[in-house]
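Under full-length UniProt numbering, think of the first position of the sequence shown as 1, with each following residue one higher.
Data block below; observations after.
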Amino acid sequence: MNHPSLSSVKHEVTYRFIGGSPENGILSCGFMRKKSAQKSQIDFVIPYYSCFLLLQGSGEYWDETGARAALTPGSVCQRLPNRQHSTRVDGDGNWLEFYISFGKGVFDSLKSLELVQETVPVGRFADPRSLLPLFHGLLSRMSAAPDSLLAACLLEAQQLVLTLTRPPDPRPGLSPVVVRACELLEKDSERELPLPVVAEQLCVGYETLRKQFQREMHLSLEEYRQSRRMTTAQMMLLEGEPVKAVAKALGYSDAYAFSKQFKRFCGSSPSAYAQSLLQKP
Numbered sequence: 001m002n003h004p005s006l007s008s009v010k011h012e013v014t015y016r017f018i019g020g021s022p023e024n025g026i027l028s029c030g031f032m033r034k035k036s037a038q039k040s041q042i043d044f045v046i047p048y049y050s051c052f053l054l055l056q057g058s059g060e061y062w063d064e065t066g067a068r069a070a071l072t073p074g075s076v077c078q079r080l081p082n083r084q085h086s087t088r089v090d091g092d093g094n095w096l097e098f099y100i101s102f103g104k105g106v107f108d109s110l111k112s113l114e115l116v117q118e119t120v121p122v123g124r125f126a127d128p129r130s131l132l133p134l135f136h137g138l139l140s141r142m143s144a145a146p147d148s149l150l151a152a153c154l155l156e157a158q159q160l161v162l163t164l165t166r167p168p169d170p171r172p173g174l175s176p177v178v179v180r181a182c183e184l185l186e187k188d189s190e191r192e193l194p195l196p197v198v199a200e201q202l203c204v205g206y207e208t209l210r211k212q213f214q215r216e217m218h219l220s221l222e223e224y225r226q227s228r229r230m231t232t233a234q235m236m237l238l239e240g241e242p243v244k245a246v247a248k249a250l251g252y253s254d255a256y257a258f259s260k261q262f263k264r265f266c267g268s269s270p271s272a273y274a275q276s277l278l279q280k281p
């Protein structure tokens, strides 16, 4: 596939402020060329989150935890808030990165949802040039947007970071049939789903699927299905839905059957769970 040439990409960045404290309100992105080793950042600490994709050039990353990685085109480097780290630039004049920076509070929210990970500060993106149109688009919109529209740019920046940092397969190590089984088991929480029907839809024998799923997921098909339904139940209770309404929405014959299942998976009755939410500050 033909992609835009990197030689035409100029050094161009934008710095915006979306609100709140400086470490939380920063919003920035851009193409950055570093033509000499003097542009290296050694033992560097920033109070916000930043991520860059190296498009051209080479160097090295290391941080205070002992993590160390060579940087080559396709390297995705996360610069984590308040973590001392270093990025050494090889001084051959070729370095070109596209970076995205946003506030620590945004990063903390993504981390709490397990959408970004601190444990792997350097990863890989297979086809970095394919993202050039998205990078140019974000830079253009962020540069031109009035303050009132910066929230949309922040959402776009977060999505690009997730594209860069999350693996394409959200369930690495699982066979395709088990991945597909998970997808089917996660659907239609409001109705009963006979497990042999799942096997039929996947064109495999039920016993074969049952054993393979247990081996890879360390859960039975039924346990996985019910755990997903209970997660839906918890979210509905978080929204203040009555226990009877939740039971009906999830297809249970009565509130008692639902409560029994909920307690088995969640360790407390639905009413006790809902009450505990009200008591939290």
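Every residue gets a Cβ at the ideal spot worked out from N, C-alpha and C, and that includes glycine.
Buried/exposed call for residue i, threshold 16 Cβ in 10 Å
i, result
"P270", "buried"
"residue 283", "Absent from the model: residue 283. The displayed extent of the chain is 1 to 281, so no value can be given."
"T208", "exposed"
"T119", "exposed"
"P194", "exposed"
Reduced DSSP category for residue i - H, G, I as helix; E, B as strand; rest coil
i, result
"D63", "strand"
"C203", "coil"
"Q159", "helix"
"A69", "strand"
"N24", "helix"
"V122", "strand"
"G105", "helix"
"V9", "coil"
Alpha carbon of residue i to alpha carbon of residue j, nearest angstrom
i, j, result
"G30", "S143", "10 Å"
"M1", "F125", "Legend: pLDDT at M1 = 49, less than 50; position of this residue unreliable, value from coordinates given subsequently. Their Cα atoms are separated by approximately 16 Å."
"residue 291", "G137", "Residue 291 is absent from the structure shown; the chain starts at 1 and stops at 281."
"E12", "E239", "44 Å"
"A37", "D92", "8 Å"
"L162", "S140", "20 Å"
"A70", "S58", "8 Å"
"G66", "G123", "16 Å"
"F17", "L149", "12 Å"
"A274", "S259", "12 Å"
"F107", "Q159", "12 Å"
"V9", "K111", "32 Å"
"G25", "H85", "22 Å"
"P242", "Q261", "16 Å"
"A151", "S75", "28 Å"
"S7", "R166", "28 Å"
"V89", "D43", "14 Å"
"E114", "D147", "29 Å"
"G105", "S220", "37 Å"
"Y224", "A272", "23 Å"
"Q56", "R129", "10 Å"
Distance CB(residue i)-CB(residue j) smaller than 8 Å
i, j, result
"R33", "L96", "yes"
"K244", "A255", "yes"
"L164", "F102", "no"
"A249", "M230", "no"
"I46", "R79", "yes"
"F135", "V178", "no"
"P81", "Y49", "yes"
"F52", "Y99", "yes"
"S175", "E222", "no"
"P121", "Y61", "yes"
"Q117", "T87", "no"
"G251", "R191", "yes"
The region 197-210 contacting the region 174-186, beta-carbon criterion three pairs below 8 Å = Contact between the region 197-210 and the region 174-186 is present, because at least three Cβ pairs lie under 8 Å.
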